[in-house]
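*Asks:*
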Amino acid sequence: MATAIAKADDRVSVEHEHAARIGHVSKSFSGPTGSQLVLDDITLDVAPGEFVTLLGASGCGKSTLLNLVAGLDRPTAGSIETPGGRPALMFQEHALFPWLTAGKNIELALRLRGVAKSERRTEAERLLELVRLGGAYGKRVHELSGGMRQRVAMARALAQDSRLLLMDEPFAALDAITRDVLHDELTRIWRETNVSVLFVTHNVREAVRLAQRVVLLSSRPGRIAREWTVDIEQPRRIEDTAVAELSVEITEELRGEIRRHGQH
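Start counting the sequence shown at 1; every next residue gets the next number (this note's numbering).
1. Looking only at C-alpha atoms, which of P221, E233, V230 sits nearest to Q36?
2. Using DSSP's beta-bridge definition, name the partner residues of K27.
3. Could you check which residue in V46, E50, D161 has the C-alpha nearest to that of G114?
4. For the region 84 to 146, list the beta strand (DSSP E) runs that are entirely contained and at least 3 residues long, ordered along the chain.
5. Measure the C-alpha to C-alpha separation of V131 and T33 and round it to an integer number of angstroms.
6. Measuring CB to CB, does T120 end up less than 7 angstroms from E107?
7. Thinking just about the alpha-carbon of each residue, which of L165, E125, K139, S118 is nearest to the one in G85?
8. What first and last residue would you give for the alpha helix (DSSP H) that runs through L210?
9. For the beta strand (DSSP E) containing V200, list its first residue and its last residue.
10. At the level of alpha carbons, what is the spacing between G56 and V200?
11. For S145, is the classification buried or exposed, using 16 other Cβ atoms within 10 angstroms of its Cβ as the cut-off for buried?
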């Protein structure tokens, strides 16, 4: 395993040894030309409170792996364990119900979790405060900007009270400034809640800015090609010299993977 300068994180959980344990996972899909191997022998642990980004070219199986960890599909081979319970999943699209207010979207997740009706509004408002949308409880989805919708989606994911948050390119559709702001907000929330995060992206700088560890997947099929432990003090800026330098190194490795597999 190749690493940047390693540093042990001082945030520890005694509840479980791992937030997620992925053991020798492979995934195949059937198609017109036969079975296609998408993921091949993936082994990856996510520690409690750890922030890990999955990086790779389009079609390398990042989202497939995230769906497997979420329990939306089953691996063809191998095992996946999430000892802290079912993970929460946040998509690229906000997936909010447009006929509900911001607060009611969050309350829906709370109801499904079994929170008493009398407690839901207070908890929904607390979560909106956490994502810095205090006062937005009664706003409809069409009244919210793209960044605000993703904040509500984040609050709804946190409402599931999972110790593992899965994020599938949640900021990819946002403009650069809004994405930059939400990087700061996600980092703050991660540090405040000590939730574990497994974050899928194809943006190298985003991966380096956010993560404690960057995992690069190869393509066709997806295998773990290399990992980097990121020792850059948080909060980080996307234009920081250290972020840029490590991003260049990872980008070169990613380009090599793309060339090896004939992708453009």
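Ideal Cβ placement from N, Cα and C applies to all residues, glycine included. As the structure is a computational prediction, the values presented were derived from the model and not from experiment.
*Replies:* If we stick to the structure as given:
1. The candidate whose alpha carbon is nearest that of Q36 is P221.
2. For K27, which the question treats as bridged, DSSP gives the partners L39.
3. D161
4. Within the region 84 to 146, the complete beta strand (DSSP E) runs of at least 3 residues are 88 to 90.
5. 46 angstroms
6. Per the sequence presented here, residue 120 reads as Arg, with Thr not at that position. The answer is yes: Cβ separation under 7 angstroms.
7. Among L165, E125, K139, S118, the Cα nearest to that of G85 is on L165.
8. Per DSSP, L210 is one residue of the alpha helix (DSSP H) stretching across 204 to 210.
9. Judged by DSSP secondary structure, V200 falls within the beta strand (DSSP E) whose first and last residues are 196 to 201.
10. 9 angstroms
11. exposed
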